[in-house]
Structures are given as structure tokens and as C-alpha cells.
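Comments concern the structure below.
Protein chains in written order, with UniProt numbering: chain A, 1 to 147; chain B, 1 to 147; chain C, 1 to 77; chain D, 1 to 77.
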């Protein structure tokens with residue numbers, strides 16, 4: 001693992017729809033691709049005991065998280081015939097309705113992209129040390145836990 | 001079925017990345033959504049007997065196709081807890097590298113979007129009367145068949 | 001009975017038209033296909049399904065005369 | 001042995017710091033946890049995992065002293 005270049009998956013703040021649109025546009029020169037599958041995680045304005053979540057503040061054990069993202073990436077390329085794969089995760093404040101996770105897989109054929117995308121998203125939820133503080137409208141907070 | 005409003009799923013020509021980005025942006029006011037899943041079909045520059053596909057020209061039995069898209073939509077809402085669903089398919093010429101199918105599902109929680117998206121895409125491939133003429137660079141053609 | 005048939009994709013390439021009306025004296029889809037094979041010999045080499053009222057029909061379906069279409073293999077997406 | 005521990009999320013709320021160095025005379029992760037429970041009583045109510053060298057450790061893992069971190073439940077995505 002130490003030999004391979006580990007990318008930084010994190011972006012400060014929300015991931016914009018323009019950024020996602022541009023990522024899609026960049027793949028139009030890759031004419032061996034027949035199918036893309038994109039997962040977007042969006043911050044929900046959950047209501048918990050009459051208080052509404054207005055944002056999530058993300059922190060991470062960044063070195064370990066990037067190493068885990070790298071492992072997930074390698075495992076997915078090993079397991080599935082993918083042309084390319086991109087993962088972006090927010091750090092800092094992401095408001096309700098904004099996007100905090102963007103996973104993008106592409107392959108010549110469709111069947112593989114469904115399996116690959118679910119594998120990657122489930123692995124991110126289970127294995128990557130990212131922490132989320134749900135901020136309520138009254139500025140109190142609670143800690144998010146993945147289910 | 002006759003009582004329900006049947007949408008027109010078809011768009012003339014390729015589906016642009018800007019259109020997809022805008023669709024994503026429009027969902028940021030829907031703060032009950034936690035997960036989006038997007039499938040994009042892209043035209044491949046397949047090489048068949050030394051000739052390269054430069055575009056696909058799509059035609060459809062439009063009335064029946066829109067009725068089938070409608071049925072698929074209803075079945076997906078019945079089967080899965082979805083907040084919203086959008087389907088767009090190209091008619092006419094779509095060049096290699098361009099997008100011809102855009103399926104977008106959203107739900108409060110992630111597990112359901114993976115299953116729903118695959119269900120919808122497989123149903124589109126199997127049940128909707130859309131026809132594709134693969135145009136080679138020398139202007140000869142062959143007819144595409146879904147596998 | 002006078003029926004109208006729509007042709008699509010590579011089937012329309014064989015028939016060289018997208019729609020036509022013709023006189024049909026049989027009852028079943030299978031009989032209609034036989035009649036079309038006689039008119040368009042090349043159709044025998046083609047894979048297609050018959051739709052009636054925008055639903056796929058089988059060889060045993062009764063022809064009602066409405067919205068009949070010959071559909072080559074689907075290629076959506 | 002002097003070890004450095006990183007704290008994250010709600011664990012850092014309990015310890016009121018994100019990192020500290022402390023003297024550890026035991027051998028196993030379980031012993032380190034006991035020592036931290038003594039220092040931070042509220043930690044006992046918290047769910048966390050211990051990572052060493054950026055890999056999750058178990059109670060029986062030997063402490064080598066490198067890159068130790070207390071990780072609350074993951075919430076990525």
C-alpha cells in the first residue's frame with residue numbers, strides 16, 4: 001500500500017451539481033464506456049425530538065480514511081470490470097439538501113456498474129473513519145451513526 | 001392506465017451533462033432525500049469487423065414506449081419507497097461518447113435506490129420498444145440488439 | 001377486415017414503409033404473419049414481435065384490428 | 001513507553017482534546033482502554049474502536065505505540 005499513490009478524496013464543503021455535471025462531461029471522450037452509475041449522498045433535514053437537522057459537520061481521520069478509500073478503490077477494480085471510478089467526500093459543513101458524497105463508476109457494460117457501485121458505497125459506510133455532527137436549527141447537535 | 005397522465009420520456013438528440021447537473025440541483029430543496037442513484041447510458045464506439053460505430057440513431061414506437069415507461073414508473077413506485085424518479089431517453093442521432101439514457105431515483109435511504117435503479121434500467125432494456133441503428137464511420141449501419 | 005400495420009427499425013427497412021393498410025381475412029396473429037411473409041419474403045429472416053393495442057401479442061392472439069405493429073428487437077438505453 | 005493518541009468526533013468531545021501523549025506501561029489495547037477509562041470516566045458510555053497504524057485493532061492487539069486513534073462510530077456518506 002505504501003508504494004501506491006493515495007489520492008485525497010476529501011473536498012471542503014458541499015459537492016456542487018456543477019462539479020458533478022463536469023465530471024460526467026469529462027467522460028464523453030472515453031468512448032469504450034457504455035454505462036455510468038452515480039451515487040449521491042444528500043444531507044437530510046431529519047426531525048429528531050421536534051428539532052430539525054440543518055447541516056452536518058464532517059470530520060475524518062483523514063490519513064486513515066484516504067488509505068481506506070484507496071483500498072476500496074483497489075478492491076473494486078479487482079472485483080469488477082470498471083473503466084473508471086471516482087469518489088469524493090465532503091469535510092466541514094454541508095447544509096441539508098446539499099451533497100456530501102459522490103461516487104461515480106463507469107464500465108463498457110451495465111450489469112457490472114450496479115454491483116460495483118453498491119459494493120463501494122457499502123464499504124465507504126462501513127470502513128471509512130468519517131464522523132458527522134448533526135447540527136440542529138437551535139445550534140444543539142447530535143452525532144450521526146451509519147445504519 | 002388511460003386515466004393517468006402519461007409523460008413523454010423522449011428528448012431529441014443527446015442528453016447533456018448540463019441537463020443532468022440541473023436535474024440534480026433541482027433536488028436540493030427536497031430535504032427528505034438522503035440518497036440519489038443515477039444511471040447513464042452512453043453510446044460506445046464499438047469496433048465491429050474493423051468498422052467503428054460513430055453514432056446511434058434512435059427511433060421508437062413512441063406511444064407504446066411512453067406507456068411502457070409509465071408502467072415501469074408505476075411498478076417502481078409500488079415496489080420501492082422512492083421520493084422521486086425521472087427517466088429521459090434520446091430519439092434521433094446520439095454520437096459515440098454522448099448520453100442516450102438518464103434514469104434518476106431518489107429516496108430517504110440508500111439501500112432502496114440501488115435495487116430500484118437496476119429494476120428500472122433492466123425493465124427499460126427488456127420492455128420498451130426503442131430501436132437503435134448503429135451508424136459506422138463509413139455510413140454503413142447495423143441494428144443494435146439489447147443483451 | 002381492413003387493418004393498419006406499423007413497421008419499425010429494420011422491419012421498416014424490409015417493408016420499405018412505416019405504415020400500411022391491408023385487407024386481412026384471417027383471425028390470428030399467426031395468420032397475419034403468414035400473409036406478411038408472402039408479401040415480404042425477407043421478413044422470414046428477421047426477428048420481430050407483434051404488438052396490438054400497444055401490448056405484445058402471441059401467435060394465438062386474435063386480431064382485433066387496432067394498433068398493430070411489427071417490432072424488431074429492442075435496443076433502448 | 002510514551003504514546004500519542006488521536007481523538008475524533010464525540011470522543012474528542014469527552015477528552016476535550018484532539019491529541020495527547022501519555023505514558024503507557026501495559027502491553028495490550030485492552031489495558032490502554034482501562035487506563036483511558038480511569039482518566040476519562042465518561043468514555044465508558046461511549047462506543048468507539050481503537051486503530052493502530054491506521055488499521056482497526058482488537059482488545060488483544062499489542063500496542064506498538066504508532067498512530068493510535070480512538071474512533072467513534074463511522075458516519076460517512
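Think of the CB as a built atom: it goes at the ideal place given N, C-alpha and C, for glycine as much as any other residue.
Kindly examine the ligand SAH and report whether one of its heavy atoms sits closer than 7 Å to the Cβ of residue i.
i: residue 134 of chain A; result: Ligands in the displayed structure: none, and consequently the ligand SAH is not present.
Strictly below 8 Å CB to CB, what residues from chain A border residue i?
i: residue 44 of chain B; result: 31, 32, 33, 34, 108
i: residue 24 of chain B; result: 17, 20, 21, 40, 99
Just the chain B side, please: which residues come within less than 7 Å of residue i by C-beta, in chain order?
i: residue 54 of chain C; result: 63, 64, 67
i: residue 57 of chain C; result: By Cβ distance, chain B contributes nothing, its closest Cβ being about 12 Å from residue 57 of chain C, past 7 Å.
i: residue 148 of chain A; result: Because residue 148 of chain A is not part of the residues shown, which for chain A are 1 to 147, the question remains open.
i: residue 28 of chain A; result: 97, 98
Can you name the residues that DSSP bridges to residue i?
i: residue 11 of chain A; result: A:90
i: residue 49 of chain B; result: None, per the DSSP bridge assignment.
i: residue 56 of chain B; result: B:94, B:134
i: residue 1 of chain C; result: For residue 1 of chain C, which the question treats as bridged, DSSP gives no partner whatsoever.
i: residue 7 of chain D; result: D:70
i: residue 152 of chain A; result: Residue 152 of chain A falls outside the range modelled here, since chain A spans only 1 to 147, and no answer is possible.
i: residue 104 of chain A; result: A:38, A:86
i: residue 22 of chain D; result: D:3
i: residue 49 of chain D; result: D:71
i: residue 141 of chain A; result: A:135
i: residue 55 of chain C; result: C:52
i: residue 28 of chain C; result: C:62
Which bits of chain A does residue i rub up against, with CB to CB less than 9 Å?
i: residue 8 of chain D; result: 59, 60, 61, 129, 131
Find the residues of chain C that neighbour residue i, judging by a C-beta separation of less than 7 Å, and give them in chain order.
i: residue 91 of chain B; result: Ordered by position in chain C, no residue passes the 7 Å Cβ test against residue 91 of chain B, which lies about 11 Å from the chain.
i: residue 144 of chain B; result: 75
For residue i and residue j, which I take to be in contact (beta-carbon distance under 8 Å), what is that distance rounded to the nearest angstrom?
i: residue 168 of chain B; j: residue 37 of chain A; result: In the structure as shown, chain B begins at 1 and stops at 147. Residue 168 of chain B is therefore absent and cannot be evaluated.
i: residue 22 of chain D; j: residue 50 of chain D; result: That belief does not hold up - the Cβ atoms of residue 22 of chain D and residue 50 of chain D are roughly 14 Å apart, past 8 Å.
i: residue 135 of chain A; j: residue 56 of chain A; result: 7 Å
i: residue 75 of chain C; j: residue 131 of chain B; result: 6 Å
i: residue 33 of chain B; j: residue 44 of chain A; result: 7 Å
i: residue 10 of chain C; j: residue 46 of chain C; result: 6 Å
i: residue 99 of chain B; j: residue 41 of chain B; result: 7 Å
i: residue 61 of chain B; j: residue 48 of chain C; result: With 8 Å as the limit, residue 61 of chain B and residue 48 of chain C do not qualify as a contact, their Cβ atoms being about 12 Å apart.
i: residue 20 of chain C; j: residue 5 of chain C; result: 6 Å
i: residue 96 of chain A; j: residue 54 of chain A; result: 6 Å
i: residue 65 of chain B; j: residue 129 of chain B; result: 5 Å
i: residue 116 of chain A; j: residue 82 of chain A; result: 6 Å
i: residue 63 of chain B; j: residue 54 of chain C; result: 6 Å
i: residue 137 of chain B; j: residue 52 of chain B; result: 5 Å
Whose Cβ in chain A lies nearer than 7 Å to the Cβ of residue i?
i: residue 71 of chain D; result: 61, 129
Mind pulling the chain B residues with CB within less than 9 Å of residue i?
i: residue 50 of chain A; result: Result: empty, since nearest Cβ-Cβ is about 16 Å, beyond 9 Å.
I'd like to know if residue i contacts chain G, where contact means its C-beta is closer than 8 Å to some C-beta of that chain.
i: residue 83 of chain A; result: The structure shown contains no chain G; its protein chains are A, B, C and D.
(message) For the structure I just gave you, are there three or more beta carbon pairs, one from the stretch 101–117 of chain B and one from the stretch 23–34 of chain B, closer than 8 Å?
(response) Below 8 Å, enough C-beta pairs join the stretch 101–117 of chain B and the stretch 23–34 of chain B to call them touching: three or more.
(message) Tell me which residues of the stretch 103–131 of chain B have at least one Cβ-Cβ distance to chain C shorter than 8 Å, keeping chain order.
(response) Cβ contacts with chain C: 121, 124, 125, 126, 127, 128, 129, 130, 131.
(request) Pair every Cβ in the stretch 25–36 of chain C with every Cβ in the stretch 52–68 of chain C, then say whether three or more of these pairs are closer than 8 Å. (result) yes
(request) Compile a chain-ordered list of the residues in the stretch 27–54 of chain C whose CB is closer than 7 Å to at least one CB of chain B. (result) Per Cβ criterion, the list reads 51, 54.
(message) Measuring CB atoms only, is the stretch 32–45 of chain C touching the stretch 109–122 of chain B, in the sense that at least three cross pairs come out at less than 8 Å?
(response) no
(request) Report yes or no: do the stretch 82–97 of chain A and the stretch 57–76 of chain B share at least 3 C-beta pairs separated by less than 8 Å? (result) no
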